[in-house]
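The block underneath contains the structure these notes are about, expressed in structure tokens.
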Amino acid sequence: MFDKVILGTAKIGISDYGFSSNSSCSSCYDLFQKAAELGVSILDTSPRYGNAEEIIGEYHRHADTKFLISTKIDDLIPNDVDSEAKIFRSIEQSISRTDVSNIDSVYLHQNEFGIIDDEKILSALSKLKESGLVNKIGTSIYSYEECEFSLNCDVYDVIQMPLSIMDSHIYSKLVKKYSVLNKEIVARSIFLQGTLLNRSDIGGKVKQAASMNNYLNQLDTLAKKYDVDILSLACSFVLSLEGVSSFIVGTASETNLTNIINASQCNLPDDLIKKVKKLSDEYKEWGNPRNW
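Using the working numbering, read the sequence shown as starting at 115 and increasing by one per residue.
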């Protein structure tokens, strides 16, 4: 079983989701079947992803085996007496829609302080885990401060963070401060919303396009020097980092998924990893798509 690649389902529920190509799967059943054959064991989804949870459930009702499910909780407000009821209702609905007995990992889809540090929400999440409806509690963060709080909060077991050969500054600041990362780290946006592999539209969508393209040229030069394709460099670099258990990739293409899984099993030279990390550790304004 190859469990280091988690299949994201945003593009399955929302065909025009994200920056990458808008191709949708002609058969989600075939995509999931292929994922299972390749050893993928976890699907990442959310009630926010259109009808993705329902599509997963339909597959599960006809398949011989089921995926583990990670999903999200949304629409919470700070200091709300109804937080516990909302959280339990959201998870019960996700379990029903995806046709599983429980959720493997649940993330707060809202990352801001006021939500991730809210006492009522934290209490409800603890009760949720104790109930057996979920195995792990996590946050999906965008900043170092959010990540550090999650790392130090006993309620959270797993942190989903942006991490790629284009930008690893949040991760690296944590590693420098903490000798051991005591949480499971799941990387997302490892292609930075597709810009790494789909570059033709960067100029029209990223205001820092010149800086981004200059950086991509540096990566291309390194990859060529070490005779590694950019896809293998992107996937295997992330998995080489301490504490990173897996990464999420959103695709509706069986071919793309196969290529990504193959690429993630490349053994990169240590000196190449160090050189890429030196580049990616530097903060870049365009590293956060919210700045585009």
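Even glycine gets a Cβ: it sits at the ideal position worked out from N, Cα and C.
Quick check on the burial criterion: 16 or more other C-beta atoms within 10 angstroms. Buried or exposed for residue i?
i, result
"residue 226", "exposed"
"residue 396", "exposed"
"residue 388", "exposed"
"residue 175", "exposed"
"residue 368", "buried"
"residue 268", "exposed"
"residue 335", "exposed"
"residue 228", "exposed"
"residue 232", "buried"
"residue 224", "buried"
"residue 208", "buried"
If you draw a straight line from the alpha carbon of residue i to that of residue j, how long is it in whole angstroms?
i, j, result
"residue 150", "residue 183", "13 Å"
"residue 168", "residue 340", "44 Å"
"residue 287", "residue 297", "15 Å"
"residue 399", "residue 383", "29 Å"
"residue 118", "residue 371", "13 Å"
"residue 243", "residue 270", "10 Å"
"residue 290", "residue 277", "16 Å"
"residue 177", "residue 220", "23 Å"
"residue 198", "residue 333", "46 Å"
"residue 316", "residue 323", "6 Å"
"residue 275", "residue 331", "25 Å"
"residue 145", "residue 164", "17 Å"
"residue 373", "residue 273", "26 Å"
"residue 155", "residue 258", "29 Å"
"residue 404", "residue 321", "11 Å"
"residue 194", "residue 234", "7 Å"
"residue 328", "residue 266", "36 Å"
Name the DSSP bridge partner or partners of residue i?
i, result
"residue 189", "In the DSSP output, where bridge partners are listed per residue, residue 189 has none listed."
"residue 248", "217"
"residue 301", "275 and 361"
"residue 184", "158 and 219"
"residue 254", "274"
"residue 121", "157 and 363"
Determine whether the beta carbon atoms of residue i and residue j lie at a separation below 7 Å.
i, j, result
"residue 419", "residue 361", "Residue numbering for the chain in the displayed model covers 115 to 406; residue 419 lies beyond these limits and cannot be assessed."
"residue 125", "residue 364", "yes"
"residue 120", "residue 158", "yes"
"residue 238", "residue 191", "no"
"residue 279", "residue 390", "yes"
"residue 185", "residue 160", "yes"
"residue 253", "residue 222", "yes"
"residue 346", "residue 377", "yes"
"residue 284", "residue 358", "no"
"residue 348", "residue 310", "yes"
"residue 162", "residue 188", "yes"
"residue 375", "residue 152", "yes"
"residue 301", "residue 352", "yes"
Could you pull out every residue in the same chain whose Cβ sits closer than 6 Å to the Cβ of residue i, ignoring the five residues on either side in sequence?
i, result
"residue 171", "211, 212 and 213"
"residue 134", "Reliability fails at residue 134, whose pLDDT of 48 lies under 50, so the model's placement of it is uncertain and no value is given."
"residue 282", "394 and 395"
"residue 166", "123, 126, 127 and 159"
"residue 249", "218"
"residue 143", "173"
"residue 380", "346 and 350"
"residue 306", "278 and 280"
Within the same chain, show all residues whose beta-carbon is closer than 7 Å to that of residue i, passing over the 5 residues directly before and after it, in chain order.
i, result
"residue 402", "256"
"residue 246", "216"
"residue 230", "222, 253, 260, 263 and 264"
"residue 406", "319, 320, 321 and 400"
Can you list, in chain order, the residues of its chain whose CB lies under 8 Å from that of residue i, leaving out five sequence neighbours each side?
i, result
"residue 325", "398, 399 and 400"
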